[in-house]
Amino acid sequence: MPSIDTELPYFNTTLSTRGLKLTRQSPRVLQVNTGKICNLTCVHCHVNAGPRRKEIMTRDTVERILEWLSGTDIEVVDLTGGTPEMIPDFRYMVQSIRGMGREVMDRCNLTILNEPGYEWVAEFHAEQGVHIVASMPCYCPENVNAQRGEGVFDSSIKALQTLNGLGYGTEPTLQLDLVYNPNGAKLPPEQTELEADYKRELKAHFDIIFNKLYAITNMPIARFTSYLKRQGGYAEYMQLLLDNFNPASIDGLMCRDTISVGWEGDLFDCDFNQQMGMQHGLKSNPDRLWNLNLDNWKQRPIQTSAHCYGCTAGQGSSCGGATV
0 MPSIDTELPY FNTTLSTRGL KLTRQSPRVL QVNTGKICNL TCVHCHVNAG PRRKEIMTRD
60 TVERILEWLS GTDIEVVDLT GGTPEMIPDF RYMVQSIRGM GREVMDRCNL TILNEPGYEW
120 VAEFHAEQGV HIVASMPCYC PENVNAQRGE GVFDSSIKAL QTLNGLGYGT EPTLQLDLVY
180 NPNGAKLPPE QTELEADYKR ELKAHFDIIF NKLYAITNMP IARFTSYLKR QGGYAEYMQL
240 LLDNFNPASI DGLMCRDTIS VGWEGDLFDC DFNQQMGMQH GLKSNPDRLW NLNLDNWKQR
300 PIQTSAHCYG CTAGQGSSCG GATV
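With numbering that gives the first Met the number 0, the residue at position 215 of the sequence shown is 214, and numbering never jumps.
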């Protein structure tokens, strides 16, 4: 019996039948996945990250990335994982990037601020002016703990209060954004309205303030796919994404102006393609970032698959939230 992926229209076919084309812009963001080690094991995690993962970016790879970056005009380095702060060279990497005058964005899970041995995280981020993008699936403890683990909500609140105390959310140079993921097989609600709800509830109950909310669709890959299949809802979820395909979402997709690089330096079009093993070059001889010519990159086609329907459903979904 064919899988639901083979029964769905090819993503590029869906684009072409609507007169659409997915093309690159000059890269503005370098998104670096520092590895899969994490202090949490979240149900929705598209990376399959966790405490026992051994994939960690080495100092040699960090140095090669930094050298390549110094010769480009890329404005933003987006650090993700896993938990980026857990790799040994995190502070060195951030300080080096900031020394080049580039913005550093850190995909922080908040709870790491409260882990033994990581008490330095909050103040270091503030000192370096790191833009924090923090996972916060809901303003209700039940939903957060169900998705991310028992006690995660309280730890996240404590971390947000710590960051507010350092000026995050109030000082112009210390931006604090939150990320919402649905708890289950559904699309996110409208981002602007949800942001207003978050700001009202977090301020009223915990005196927490932040800048923006990113509403991101749960991607049908890795751990979330396993969850859907255990629940018998994978086919239904993929059909939901297809039925809600939004042509207006295409222009804002992250693959257009972002280069994604894995913990070993492999090149990808986005972090989701990275977790699907859709690298540029051969699997046995992948292209590495430090060998990349940006003029050549802009001419390469963007690789797509069925999971791309996750970024183009409803209001659209990218690492910066809704695209519409």
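Each residue gets a CB set at the ideal place from its N, CA and C atoms; glycine is no exception.
Cβ-based burial, residue i [other Cβ within 10 Å; buried from 16]
i	result
D77	buried
E84	buried
E194	buried
K198	buried
H204	exposed
N290	exposed
N38	buried
G231	exposed
N272	buried
P219	buried
M104	buried
G98	exposed
G327	For residue 327 there is no data in the structure shown, the boundaries of the chain being 0 and 323.
Within 7 Å, strictly: CB atoms of residue i and residue j
i	j	result
G309	T161	no
D268	Q302	yes
I111	T71	no
V28	V61	no
F244	T311	yes
P285	Q274	no
G261	N32	yes
G315	S248	yes
I86	G164	no
G332	L186	No statement about residue 332 is possible, as the shown extent of the chain runs from 0 to 323 and does not include it.
R101	P246	no
R23	R255	yes
Y236	A184	yes
S154	M135	no
L65	S95	yes
G276	Q190	no
D265	Q30	no
Same chain, Cβ closer than 8 Å to residue i, neighbours up to 5 away in sequence not counted
i	result
D176	H130, I131, V132, A133, F209, N210, K211, L212 and Y213
L227	A184, P219, Y233 and Y236
Y138	D196, Y197, E200, L201 and H204
Residues near residue i in its chain [Cβ-Cβ closer than 7 Å; skip 5 each side]
i	result
Y9	none
P331	The requested residue 331 does not occur in the structure, where the chain is confined to residues 0 to 323.
V120	E84, I111 and L112
F123	R90
T257	P26, V28, Q30 and C269
Bridge partner(s) assigned by DSSP for residue i
i	result
D265	R287
G280	P285
V260	V31 and L266
G18	In DSSP, G18 forms no bridge with anything.
G313	Paired residue(s): none; G313 is not in a bridge.
G320	S317
E107	Going by the sequence as given, residue 107 is Cys instead of Glu. Note: C107 sits in a beta bridge opposite A133.
Same chain only: Cβ atoms within 6 Å of residue i, ignoring 5 sequence neighbours per side
i	result
R106	T79 and V132
C318	M253
I55	G34, I36 and I86
Below-7 Å beta-carbon distance, residue i vs any chain D residue
i	result
A221	In summary, chain D is missing from the structure at hand, where a single protein chain is found.
Mind pulling the alpha helix (DSSP H) runs of 4 or more residues that sit fully within the region 29–105? 58–69 and 89–98
Which whole runs of the beta strand (DSSP E) in the region 199–247 are 3 residues long or more, in chain order? With a minimum length of 3 residues, the continuous beta strand (DSSP E) runs that stay inside the region 199–247 are 211–214.
Runs of 4 residues minimum, wholly inside the region 122–188: which ones carry the alpha helix (DSSP H) assignment? With a minimum length of 4 residues, the continuous alpha helix (DSSP H) runs that stay inside the region 122–188 are 140–147 and 151–164.
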